[in-house]
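Here our numbering = 1-based position in the sequence shown + 2.
Here a beta-carbon is modelled for each residue, glycine too, at the ideal position from N, C-alpha and C.
Since the model is a prediction, treat every value here as computed from it, not as a measurement.
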Amino acid sequence: MDQPTNLAGLDLRAEIDRLRKERNAVILAHYYQKPEIQDLADFVGDSLDLSRKAQATDADVIAFCGVRFMAETAKILSPQKTVVLPDMDAGCSLEDSCPPDQFAAFRAQHPDAIALTYINCSTAVKALSDVIVTSSSAETILAKIPPEQKIIFGPDRNLGGYLARKTGRDLILWPGVCIVHEAFSETELLKLKAEYPGAPVVAHPECPAVILDHADYVGSTRGILEYAMAMPGETLIVATEPHIIHQMEKALPDKRFIGAPGADGNCNCNICPYMALNTMEKLYLALRDLSPRIEIEEGLRLRAKKSLDAMMSMAGATMGQGDLGKVKVTGD
3 MDQPTNLAGL
13 DLRAEIDRLR
23 KERNAVILAH
33 YYQKPEIQDL
43 ADFVGDSLDL
53 SRKAQATDAD
63 VIAFCGVRFM
73 AETAKILSPQ
83 KTVVLPDMDA
93 GCSLEDSCPP
103 DQFAAFRAQH
113 PDAIALTYIN
123 CSTAVKALSD
133 VIVTSSSAET
143 ILAKIPPEQK
153 IIFGPDRNLG
163 GYLARKTGRD
173 LILWPGVCIV
183 HEAFSETELL
193 KLKAEYPGAP
203 VVAHPECPAV
213 ILDHADYVGS
223 TRGILEYAMA
233 MPGETLIVAT
243 EPHIIHQMEK
253 ALPDKRFIGA
263 PGADGNCNCN
273 ICPYMALNTM
283 EKLYLALRDL
293 SPRIEIEEGL
303 RLRAKKSLDA
313 MMSMAGATMG
323 QGDLGKVKVT
333 GD
């Protein structure tokens, strides 16, 4: 069916709900999606947790409102399900920073090293890796690897650097960064801390070290949310993609959550441009047309799944549960 050039007049929420039932679909939304998409999703969460939740359902279709590597992970875990992504251009700067051919060449330069690879990478890079890690499982997995074993960590040098400092491990870092987290400004963060004295700072480990050094808590998206739920104070400064604040404000409407600013003094530059590509209109069309669809060659899928399975066997109990740093509550 040709896509209409104008969807004006459609009740998109009602149409999405209708198609969700007709297609026996489950709608997933990452914490960095726009609030209207988070509010209609069946599950809101971080990338691996969402894929595992979808895997456990009897849905025939997974509509993943996130970015491409997340939808690919869902397909790796649920090959029998149809997986659609509202906009196939919703990529990831970390994935883009690590082309498979260059990563394979990098591995060849370090033949004695195993590759621990952050989940924010392509299926092809997962297939070249030994163990996939998330921000909540990486430290647990590192602790299970003999200290003499050489380790390549990619593609996020900030997360890898944080883990190296925290654990004392000597990691061979791939030089990728997340453009969203790289945009935070230490100078502007210090101004904000001065404006709100005593307000704790939470940060995702994809942030540069100069930001993490000022954080009271460093953790995954879920860990950041759990910190917000438990904190005794009234104000929290949040150094990650600001759409996560929607979940905080829903759960704790009487508290104040402030997005850490970028170099221009506001947080607009910290909105993920890839996540923003997904819209209600595109979600409707994806469910209507079952396109754009994620397809992965079976041999590649199985090789990628092997590195995901290694993560689950080494740190399954931590999946979606944890964080990287101990909770530090100021003023208590």
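Per DSSP, what are the beta-bridge partners of residue i in this structure?
i: Leu12; result: In DSSP, Leu12 forms no bridge with anything.
i: Phe387; result: The question about residue 387 has no answer, for the chain in this structure spans 3 to 334.
i: Gly264; result: Phe186
i: Arg295; result: Val86
i: Leu173; result: Ile153
i: Cys67; result: Ala31
i: Val203; result: Ile239
i: Asp103; result: Looking at the DSSP assignment, Asp103 forms no beta bridge with any residue, so it has no partner.
i: Gly178; result: Asp158
i: Val220; result: Ala205
Expressed to the nearest angstrom, what Euclidean distance is found between the alpha-carbon atoms of residue i and residue j?
i: Leu227; j: Phe45; result: 15 Å
i: Leu144; j: Ala211; result: 20 Å
i: Cys100; j: Gly11; result: 42 Å
i: Ile18; j: Ala196; result: 45 Å
i: Glu38; j: Met282; result: 8 Å
i: Leu302; j: Glu74; result: 11 Å
i: Lys168; j: Leu175; result: 15 Å
i: Met72; j: Glu188; result: 30 Å
i: Asp114; j: Val133; result: 15 Å
i: Asp2; j: Pro102; result: There is no way to answer for residue 2, as the model of the chain reaches only from 3 to 334.
i: Gln111; j: Phe105; result: 10 Å
i: Asn280; j: Lys307; result: 26 Å
i: Ala253; j: Val240; result: 15 Å
i: Gly55; j: Lys77; result: The sequence as given places Lys at residue 55; Gly does not occur at that position. For Lys55 and Lys77, the distance between alpha carbons rounds to 13 Å.
i: Ala232; j: Gly162; result: 27 Å
i: Leu238; j: Gly261; result: 9 Å
i: Gln35; j: Gly225; result: 18 Å
i: Arg305; j: Glu299; result: 10 Å
i: Glu141; j: Lys128; result: 19 Å
i: Leu289; j: Ala278; result: 18 Å
i: Ala230; j: Gly200; result: 15 Å
i: Leu310; j: Ile213; result: 30 Å
i: Leu118; j: Ile296; result: 25 Å
i: Ala185; j: Leu173; result: 24 Å
i: Ser53; j: Lys146; result: 25 Å
i: Pro255; j: Leu130; result: 45 Å
i: Lys23; j: Leu194; result: 46 Å
i: Glu251; j: Thr136; result: 25 Å
i: Leu50; j: Ser315; result: 15 Å
Using a Cβ-Cβ cut-off of 8 Å (strictly less than) and excluding sequence neighbours within five positions of residue i, which residues of its own chain qualify?
i: Asp4; result: Residue confidence is low: Asp4 scores 41 on pLDDT, short of 50, so the model does not pin down where it sits. No coordinate-derived value is stated.
i: Arg171; result: Leu144, Pro149, Ile153 and Leu165
i: Gln249; result: Tyr33, Gln40, Val46 and Leu227
i: Leu192; result: His216
i: Tyr286; result: Leu9, Leu12, Leu14, Glu17, Ile18 and Leu21
i: Ala312; result: Asp132, Val133 and Ile134
i: Asp62; result: Arg25, Asn26, Ala27, Lys83 and Thr84
i: Phe108; result: Ile154, Gly156 and Trp176
i: Leu1; result: The requested residue 1 does not occur in the structure, where the chain is confined to residues 3 to 334.
i: Ile116; result: Asp132, Val133, Ile147, Gln151, Lys152, Ile153 and Ile154
i: Lys284; result: Pro88 and Asp89
Note down, in chain order, each residue of its chain lying with its Cβ closer than 6 Å to the Cβ of residue i, except the 5 sequence neighbours on either side.
i: Gln57; result: Leu79 and Ser80
i: Pro294; result: Leu87 and Met90
i: Ala31; result: Ile39, Gln40, Ala43, Val46 and Cys67
i: Tyr198; result: Thr237
i: Gln323; result: Summary for Gln323: the model assigns pLDDT 39, below 50, so the residue's position carries little reliability, and this model does not support an answer.
Might you give, ordered along the chain, the residues of its own chain that have their beta carbon closer than 7 Å to the beta carbon of residue i, omitting 5 neighbours on each side?
i: Glu236; result: Lys257 and Arg258
i: Asp334; result: The predicted model places Asp334 with a pLDDT of 26, which falls under 50 and marks its position as unreliable; any figure quoted below should be read in that light. Contacts found: Pro234.
i: Thr59; result: Val28
i: Leu42; result: Arg15, Ile18 and Ile29
i: Cys209; result: Asn160, His183, Phe186 and Ala241
Kindly say whether residue i, judged by its beta-carbon, lies nearer than 8 Å to any beta-carbon of chain D.
i: Cys180; result: This model lacks chain D altogether, as it is built from one protein chain only.
Taking 7 Å as the cut-off, is the beta-carbon of residue i closer than that to any non-hydrogen atom of the ligand MN?
i: Ile260; result: The ligand MN is not part of the structure shown, which contains no ligands of any sort.
Would you call the segment 191 to 206 in contact with the segment 219 to 229, where contact means no fewer than 3 C-beta pairs closer than 8 Å? The segment 191 to 206 makes contact with the segment 219 to 229; the number of CB pairs closer than 8 Å reaches 3 or more.
Just checking, does the segment 87 to 97 make contact with the segment 65 to 74 on the three C-beta pairs under 8 Å criterion? Output reads yes: the segment 65 to 74 touches the segment 87 to 97.
Is it true that the segment 91 to 98 meets the segment 171 to 185, where meeting means three or more beta-carbon pairs spaced less than 8 Å apart? Contact between the segment 91 to 98 and the segment 171 to 185 is present, because at least three Cβ pairs lie under 8 Å.
Contact between the segment 120 to 129 and the segment 157 to 166 is defined here as three or more beta-carbon pairs at a separation below 8 Å; is this criterion met? Because the criterion of three Cβ pairs below 8 Å is met, the segment 120 to 129 and the segment 157 to 166 touch.
Entirely enclosed alpha helix (DSSP H) segments - the segment 20 to 59, minimum 4 residues: As for any alpha helix (DSSP H) of minimum length 4 sitting wholly inside the segment 20 to 59, the runs are 37 to 42 and 49 to 57, ordered along the chain.
Would you check if there are 3 or more beta carbon pairs closer than 8 Å linking the segment 240 to 248 to the segment 272 to 279? Verdict: yes, contact present.
If you scan the segment 106 to 154 from start to end, which runs of the beta strand (DSSP E) of 3 or more residues do you find wholly inside it? The qualifying runs are 115 to 120 and 133 to 135.
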